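Chemist: Numbering (my numbering), first residue to last: 124 to 428. Before anything else, here's the structure in question.
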């Protein structure tokens, strides 16, 4: 439906692989086109380039913008997507989702210059996960924020494939929409911050990338001649502030996976073993990033309820 709306106004952007066959009957299945045969590949053992990340954000912005328009025009179907992995499982059965703050406290307790943040994590630990659930469940609880869109829900590096021709980026495909969730665009934007941006982008390009996303969002609504209110960069920043606890939760829980993606770690071992996750944090690069990232989070109120 989102692609169809774009096509009405001449936008030929491809937002997902083609589906050749699907069945809701047993055995349930979905058959997609083979992207490898079309020249696509995963981004392996390296951070994404700024060009790649911007193209991913541009496509995300189109999805967000058209879904925002659809919701504003009274489409109820799009609001039924309410489940993401965090708010649909018993977190006690998933140590990774449950013990992110505990892991972060272990990491910084071994670093004398970072130990001053332990008390802040201990304070946040008391309220963080309930706050996250409130944020993710906000639309169905009637407490949603001003800007509501259909989020991808799992917007990380391994859910992208890129196509290069003669060393030039020609196309990028977004994959795995199975945890789409209707809510604030900050859900996807924080996911990108933690799981898609390189350390340099998180520390030096955050404002640029947020503006780029917002401009793409606005341009998409203008291109389809939407006549309602178009969110401003100030309003998108307010969404990021309101969802700062989701951002802190993702940093505690998933930042180590970003480094694992970049350096080719065995993902099954990372998921199953706390020792493997601690080994990633022993990397001086991630510790150096925490030395710059944690003061920023403190100053911006991420640790405050």
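Cβ coordinates follow ideal geometry from the N, Cα and C atoms, glycine included. In this text, all values refer to a predicted model and were calculated from it rather than measured experimentally.
Can you name, in chain order, every residue of its own chain whose Cβ lies under 7 Å from the Cβ of residue 195, other than the five neighbours on each side?
Modeler: Correct list, in chain order: 351.
Chemist: Under 6 Å Cβ to Cβ from residue 154, same chain only, skipping five residues before and after it: list those, please.
Modeler: Taken in chain order, the residues that qualify are 143 and 144.
Chemist: Distance, Cα to Cα, residue 232 vs residue 397?
Modeler: Going by the C-alpha atoms only, they are around 16 Å apart.
Chemist: Taking only three categories from DSSP, how would you classify residue 317?
Modeler: If DSSP states are grouped into helix, strand and coil, residue 317 belongs with the helices.
Chemist: Does the beta-carbon of residue 235 have 16 or more other beta-carbons within 10 angstroms, so that it is buried, or is it exposed?
Modeler: It counts as exposed.
Chemist: So which of 183, 251, 163 and 245 has the shortest CA-CA distance to residue 284?
Modeler: Taking only the C-alpha atoms, the option nearest residue 284 is 163.
Chemist: For residue 375, count neighbouring C-beta atoms within 10 Å of its own C-beta (all shown protein chains included) and say buried if the count is 16 or more, exposed if not.
Modeler: The residue in question, residue 375, is buried, as its Cβ has 16 or more Cβ neighbours within 10 Å.
Chemist: How many angstroms separate the CA atom of residue 93 from the CA atom of residue 223?
Modeler: The structure shown does not extend to residue 93, since the chain is modelled only from 124 through 428, so no value can be given for it.
Chemist: Between the alpha carbons of residue 216 and residue 228, how many angstroms are there, rounded?
Modeler: Using only the alpha carbons, I get a separation of about 21 Å.
Chemist: Can you tell me the Cβ-Cβ gap for residue 362 and residue 309, rounded? I've got them flagged as a contact below 8 Å.
Modeler: Their Cβ separation, rounded to whole angstroms, is 4 Å, which keeps residue 362 and residue 309 in contact under 8 Å.
Chemist: Within a Cβ cutoff of 6 Å, which residues of the same chain sit near residue 371, ignoring the five residues on either side of it in sequence?
Modeler: Same-chain partners within the cutoff: 425.
Chemist: Buried or exposed: which applies to residue 161, given that a residue is buried once 16 or more other Cβ atoms fall within 10 Å of its Cβ?
Modeler: That one is exposed.
Chemist: Alpha carbon to alpha carbon, how far is residue 276 from residue 177?
Modeler: Computed Cα separation, rounded: 18 Å.
Chemist: Looking at the strands, I want to know which residues DSSP matches up with residue 274.
Modeler: DSSP lists 304 as partners of residue 274.
Chemist: Where does residue 390 fall in DSSP's three states?
Modeler: Helix.
Chemist: Going by CA-CA distance only, name the one from 181, 190, 168 and 348 that's closest to residue 280.
Modeler: Among 181, 190, 168 and 348, the Cα nearest to that of residue 280 belongs to 168.
Chemist: Taking the alpha-carbon positions, what's the residue 139 to residue 298 distance?
Modeler: Going by the C-alpha atoms only, they are around 6 Å apart.
Chemist: Based on Cα-Cα distance, which residue from 348, 292 and 337 lies nearest to residue 312?
Modeler: The shortest C-alpha separation from residue 312 is found at 337.
Chemist: My output table needs one value for residue 144: the three-state DSSP class, helix, strand or coil.
Modeler: It is a strand residue.
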